[in-house]
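Each number in our numbering comes from the position in the sequence shown (counting from 1) with 3 added on.
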Amino acid sequence: MTVQEEACWDALCHLGLPLTSTRPRSLRRSRRSLECRMIRAARIVAAGRAGPREAEALRALVLAVQTHYPSLYERIAREPSIAALAPGDPDGRLVKLARIARAILGEYL
């Protein structure tokens, strides 16, 4: 994974991705920043350059956006790699991760 890809995941953790990041969080939270970084991360996942934890966490973030911020989801789902991550029948683990994501998203969206 490149340094740029690592930075993408760290920034997404600050924006709501349900993973732990040890890097300082100086990024300003905004809807636009979330959109751009989710799309970039989805492309990394689609290219097979992300680990299973990152892919699962991104699916949970997509689920949280899809269920609680439908207008935002409609915008980002135009990107095929985001639409491919939308879970059809999420399991309990994914739902729990989506709740964690939703709590962070609710702070700024």
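Cβ atoms here follow ideal geometry from the backbone N, Cα and C, with glycine treated the same way.
Since the model is a prediction, treat every value here as computed from it, not as a measurement.
The criterion of a C-beta distance shorter than 8 Å is not satisfied by cysteine 16 and arginine 43. Counting C-beta pairs closer than 8 Å gives fewer than three between the stretch 90 to 97 and the stretch 46 to 54, which falls short of the contact rule.
With a 10 Å radius around the Cβ and a threshold of 16 neighbouring Cβ atoms, proline 83 comes out exposed.
For arginine 46, the uninterrupted alpha helix (DSSP H) segment begins and ends at 34 to 49. For leucine 20, the closest of Leu30, Leu112 and Arg105 by C-alpha to C-alpha distance is Arg105. The closest CA to that of isoleucine 103, considering only Glu77, Arg78 and Thr23, is found on Thr23.
With respect to leucine 75, arginine 34 sits close: the two C-beta atoms are nearer than 8 Å.
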